[in-house]
Amino acid sequence: MGITRDEVAHLARLSRMSVTDDELDALAPQLEAILSAVARVSEVAAADIPPTSHAVPLTNVFRPDVARPSLTAAEALAGAPATEDGRFRVPRILDPDE
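Printed below as a string of structure tokens:
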């Protein structure tokens, strides 16, 4: 059973995407191909093989977190072009009503 245009339109509404009629027609078979590929992988998965996130073991190469001396708030703000209430002042990018 394939993915229908209505199902694609429903997914588009859920994800708040604007999709044209041509895109609905193109996306339906593409989504069907993706779901078929996932179904094939599910068929191959064996119950005796544990799920893994990586094919090879990983080792954390990050150093441990260690507290070190750093700038005070006043020192950090000293080079800022604008400050307000002890913080960096940046231009507003969002509408306050949103």
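If you're matching positions, the sequence shown starts at 1 in the UniProt record's numbering and goes up one per residue.
Where a beta carbon is used, it is the ideal one built from N, C-alpha and C, also for glycine.
Predicted, not measured: the structure shown is a model, and the values here were computed from it.
Cβ-based burial, residue i [other Cβ within 10 Å; buried from 16]
i	result
VAL8	buried
LEU14	exposed
LEU27	buried
Cβ pair residue i, residue j closer than 8 Å
i	j	result
residue 103	LEU35	No information on residue 103 is available, as it lies outside the stretch 1 to 98 that the chain covers here.
GLU32	GLY79	no
Span separating the alpha-carbon of residue i from that of residue j
i	j	result
SER70	ALA82	21 Å
PRO91	ALA47	55 Å
ASP85	ILE93	19 Å
ARG87	GLU43	55 Å
Paired residues, beta bridge with residue i - DSSP
i	result
PHE88	THR83
Proximal residues to residue i (C-beta, below 7 Å), its chain only, five neighbours per side dropped
i	result
MET17	none
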